[in-house]
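**Q** Here the sequence shown is numbered in my numbering, starting from 117 and rising by one per residue.
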Amino acid sequence: MLIVHGNQGGLLIGAREIVDTGMLLRFCSGLNITAAAVSQPGFGASDGPADFCGPRTQQAIIAALSFLREQPSVDPECIVLYGHSRGAVASAMVAAHVSDLRAIILSSGVYDLKATFENSSQGLRWAIQKEAGLSSEAFLVRSVIHHVHKIRSETILLHGRHDDRAPVAQAEIFSEALSDAGLPVVLHVFECGHRISGEHSRTALRPFLQRIFDPVVTRH
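Structure (structure tokens):
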């Protein structure tokens with residue numbers, strides 16, 4: 117499994133957040149799998165500058181997936197990509213370019229960036245304009261809703277009903293588009309905002325991941 121962090125409120129610590137919160141350890145020990153985290157450009161020790169989930173960020177994730185595939189403990193046919201917030205935006209686009217992912221998990225993501233930009237906060241609009249620009253191409257390469265036909269992976273979506281950064285309608289529309297394309301997708305909507313609690317996430321993901329990684333899952 118490869119985990120991609122989200123926006124970090126100016127801390128910019130990148131993948132270190134996944135380690136420090138214990139998230140990486142929980143996946144490794146709970147599922148008996150190899151799990152890794154990657155910093156997006158502009159975060160942690162990754163080369164910058166940040167490009168708001170754009171091609172540089174997507175290529176960084178693809179490079180991390182390639183490295184993970186080469187590890188002797190990893191089954192290259194059973195890799196799951198898990199992105200949160202900004203990480204979900206970029207991971208969704210990666211899934212449109214990498215056809216052999218076993219599954220993708222997208223939490224609190226935006227799947228049509230232009231639609232969200234027009235109704236987002238001033239701070240978010242400023243970040244998008246600074247990092248990505250406002251051209252039609254800039255929005256296109258960051259909006260997976262326009263690339264659904266390229267996705268081949270099973271998808272699970274996690275979203276807060278009261279999310280004020282990434283409206284729940286984004287997940288609902290994307291889920292419907294995946295379903296219409298004949299792709300397996302499950303959408304979990306929780307009574308929360310942008311941040312989804314660990315309890316909510318674990319409840320939704322445990323049976324999904326046990327099925328995905330079976331028979332390698334160790335049950336105690």
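Glycine is no exception: its CB is placed at the ideal position from the N, C-alpha and C atoms.
The model shown is predicted, which means the values in this text are computed figures rather than measured ones.
1. Just to confirm my understanding: we take Ser201, look at its own chain, exclude 5 residues before and 5 after, and list those with CB closer than 6 Å. What are they?
2. Quick check: what's the CA-CA separation for Ala131 versus Phe290?
3. Where DSSP assigns a beta bridge to Val305, which residues make up the other side?
4. Who does Leu222 pair with in a DSSP beta bridge?
5. Provide the residue span of the beta strand (DSSP E) that contains Val120, from first to last.
6. Candidates Thr232, Arg241, Ser237 and Leu273: which alpha carbon is nearest Ser259's?
7. By a C-beta neighbour count over all protein chains shown, 10 Å radius and 16 as the cutoff for buried, is Glu270 buried or exposed?
8. Given this structure, state the Cα-to-Cα distance separating Gly276 from Ala179, to the nearest angstrom.
9. From what residue to what residue does the alpha helix (DSSP H) around Val284 run?
10. Kindly give me the distance between the Cβ atoms of Phe159 and Ala243, rounded to whole angstroms, as I take these residues to be in contact under 8 Å.
11. Would you call the segment 244-256 and the segment 301-308 in contact, with 3 or more CB pairs under 8 Å?
12. Can you pull the DSSP bridge partners for Gly153?
13. Taking its Cβ as the centre, do 16 or more other Cβ atoms sit within 10 Å of His336, making it buried, or is it exposed?
14. With DSSP run on the structure shown, which of helix, strand or coil describes Arg318?
**A** For this structure:
1. Gly122, Asn123 and Ser224
2. 26 Å
3. His275
4. Gly199 and Leu273
5. Leu118 to Val120
6. Thr232
7. buried
8. 30 Å
9. Val284 to Asp296
10. No, Phe159 and Ala243 are not in contact; Cβ-Cβ is about 13 Å, not under 8 Å.
11. no
12. Correcting the residue type first, residue 153 is Ala in the shown sequence and not Gly. According to DSSP, which records beta bridges pairwise, Ala153 is partnered with Ile119.
13. Residue placement at His336 cannot be trusted, given a pLDDT of 34 that sits under 50; what the coordinates show is reported in the next sentence. Result: exposed.
14. helix
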